[in-house]
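Data first, discussion second: the structure below is written as structure tokens.
Number of protein chains: 2
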Amino acid sequence: MAAMAIGQLARAGNVNIDTVRYYERKNLLLPDARTQSGYRQYSGDSVRRLRFIRKAQGLGFSLKEIGKMLDISTNTDAECGNIKQYAEKKITDIQARISDLEKICGGLKQIAKACPGGDSPLENCTILEHFYKNEASQ
Amino acid sequence: MAAMAIGQLARAGNVNIDTVRYYERKNLLLPDARTQSGYRQYSGDSVRRLRFIRKAQGLGFSLKEIGKMLDISTNTDAECGNIKQYAEKKITDIQARISDLEKICGGLKQIAKACPGGDSPLENCTILEHFYKNEASQ
DNA sequence: CTTGACTCTGGACTATAGTCCATACCCTAA
DNA sequence: TTAGGGTATGGACTATAGTCCAGAGTCAAG
Chain A
1 MAAMAIGQLA
11 RAGNVNIDTV
21 RYYERKNLLL
31 PDARTQSGYR
41 QYSGDSVRRL
51 RFIRKAQGLG
61 FSLKEIGKML
71 DISTNTDAEC
81 GNIKQYAEKK
91 ITDIQARISD
101 LEKICGGLKQ
111 IAKACPGGDS
121 PLENCTILEH
131 FYKNEASQ
Chain B
139 MAAMAIGQLA
149 RAGNVNIDTV
159 RYYERKNLLL
169 PDARTQSGYR
179 QYSGDSVRRL
189 RFIRKAQGLG
199 FSLKEIGKML
209 DISTNTDAEC
219 GNIKQYAEKK
229 ITDIQARISD
239 LEKICGGLKQ
249 IAKACPGGDS
259 PLENCTILEH
269 FYKNEASQ
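Order-wise, the sequence lines are chains A and B.
Numbering follows the numbering used here, with no gaps: position 89 of the first sequence is 89.
Add 138 to a position in the second sequence, counting from 1, and you land on the number used in the numbering used here.
This is the structure we're talking about:
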């Protein structure tokens, strides 16, 4: 596979060209080489790596986590368990976030339900009332 | 109620003193007055307003949204419906976010389940395999 | 040989929600 | 009067994930 320039890689990965350079600064995606004039050169592996990054991001991993996973994935001594650990931690994280949001949503629904809405004057707004109430507000 | 200084307000609202100044820069929480020497002075209303902000934040509203709600809440012409609209939009937003996270979590569980884990070599890792796969990646 | 497209670099800027800092002034109690 | 705590200000810095820009160099086609 012929070497490709940064623009081609960016197109292949469907990302902004500056994003590729950003990933390089973050040590996530280094060029295989540079031409004599300093142009970055990438291979098919870079495309796969870039797609890895985008896919993992889509699954909620941060670039930091992705960096660690990439480190593991290129470490010949590493084992499946190392990666699986990340995935399982991420699953737990997401579940916690969902549960948080459900609580928030439930609370919001409750106070919104009680609010008359429409052209009722603000004094009757139970949402504002709730926000202004004197309870322990974390 | 006697005027209070910024430190007292911060303690009453359980926030950092710089956070109060930050809210001022964002036009969310202006002091009622300044002493001759320039000290900010706050009233009990400020405490209620600060608590409003924190409570609404806890419910997932951004400072921008909170600012708009506060504007409405001090506008004598405003109606319940204006506030209720915000709450309902926020409920929809949160529900969408939950649904996104559930999708992500489901996908992650599926690929993690298939992964042998433990000391299995990385070539068998279905998580990495998934990330490296050539599918359309968003 | 020139033109246009591409790439290089470093640094600035976006959004969000703060936190921290130095320097200087103010206020109160001993 | 002096020590200490509180406060003022502007600006820098954090984290995350980029995006954009200017000025300069490179490359390939006509």
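Quick reminder that beta carbons are idealized off the backbone N, C-alpha and C, glycines included.
Since the model is a prediction, treat every value here as computed from it, not as a measurement.
Can you tell me which of the options puts its alpha carbon nearest to the alpha carbon of residue i?
{"i": "E240/B", "options": "T76/A, F52/A and Q95/A", "result": "Q95/A"}
{"i": "N82/A", "options": "Y270/B, L188/B and P254/B", "result": "P254/B"}
{"i": "A250/B", "options": "D71/A, V20/A, C125/A and Q85/A", "result": "Q85/A"}
{"i": "C218/B", "options": "A2/A, A33/A and E123/A", "result": "E123/A"}
{"i": "K227/B", "options": "L166/B, L266/B, F199/B and Q195/B", "result": "F199/B"}
{"i": "D238/B", "options": "R40/A, L59/A and F52/A", "result": "L59/A"}
{"i": "G7/A", "options": "D32/A, T76/A and Y39/A", "result": "Y39/A"}
{"i": "A2/A", "options": "D32/A, T92/A and G67/A", "result": "D32/A"}
{"i": "Y270/B", "options": "T74/A, Y132/A and A78/A", "result": "T74/A"}
Skipping 5 residues on each side, what residues in its chain have a beta carbon closer than 8 Å to that of residue i?
{"i": "L168/B", "result": "E162"}
{"i": "A12/A", "result": "M4, V47 and L50"}
{"i": "H130/A", "result": "I111"}
{"i": "K68/A", "result": "Y86"}
{"i": "N14/A", "result": "R54"}
{"i": "G118/A", "result": "none"}
{"i": "D93/A", "result": "G60"}
{"i": "A274/B", "result": "Reliability of the predicted coordinates at A274/B is poor, the pLDDT of 40 falling under 50, and no value is obtained from them."}
So if DSSP puts residue i in a beta bridge, which residue, or which two residues, is it bridged to?
{"i": "Y160/B", "result": "Its beta-bridge partners do not exist; DSSP assigns none."}
{"i": "E217/B", "result": "P121/A"}
{"i": "M69/A", "result": "The partner list for M69/A (beta bridge, DSSP) is empty, contrary to what the question assumes."}
{"i": "G40/A", "result": "First, the amino acid is wrong: residue 40/A is Arg here, not Gly. Paired residues: R34/A."}
Can you give me the Cβ contacts of residue i inside the same chain, cut-off strictly under 7 Å, excluding the 5 residues immediately before and after it?
{"i": "C263/B", "result": "C253"}
{"i": "L147/B", "result": "V158, Y180, S184, V185 and L188"}
{"i": "S120/A", "result": "none"}
{"i": "T173/B", "result": "Q179"}
{"i": "Y160/B", "result": "none"}
Which residues in the same chain have their Cβ closer than 6 Å to the Cβ of residue i, if we skip the five residues on either side of it in sequence?
{"i": "N16/A", "result": "none"}
{"i": "A56/A", "result": "I66"}
{"i": "A78/A", "result": "I72"}
{"i": "S175/B", "result": "none"}
{"i": "D18/A", "result": "none"}
Thinking residue i and residue j are a contact (beta carbons under 8 Å), I'd like their distance in whole angstroms, please.
{"i": "L63/A", "j": "K109/A", "result": "Going by Cβ atoms, the distance from L63/A to K109/A rounds to 34 Å, so no, they are not a contact pair."}
{"i": "L208/B", "j": "L166/B", "result": "7 Å"}
{"i": "C105/A", "j": "I191/B", "result": "Rounded, the Cβ-Cβ distance is 20 Å, inconsistent with contact."}
{"i": "I236/B", "j": "I98/A", "result": "6 Å"}
Could you run through the stretch 29-58 of chain A and flag, in chain order, every residue whose CB is less than 7 Å away from some CB of chain B? R48, R51, F52, R54, K55, A56 and G58
Beta carbons nearer than 7 Å to chain A: which residues of the stretch 215-242 of chain B have them? A216, E217, C218, G219, I221, K222, A225, E226, K228, I229, I232, Q233, R235, I236, L239, E240 and I242
Taking Cβ-Cβ distances below 7 Å as the criterion, which residues of the stretch 113-131 of chain A are in contact with chain B? C115, P116, G117, G118, D119, S120, P121, L122, N124, C125, I127, L128 and F131
At a Cβ cut of 7 Å, what residues of the stretch 201-213 of chain B count as close to chain A, listed as they run along the chain? Within the stretch 201-213 of chain B, the residues whose Cβ lies closer than 7 Å to some Cβ of chain A are S211, listed in chain order.
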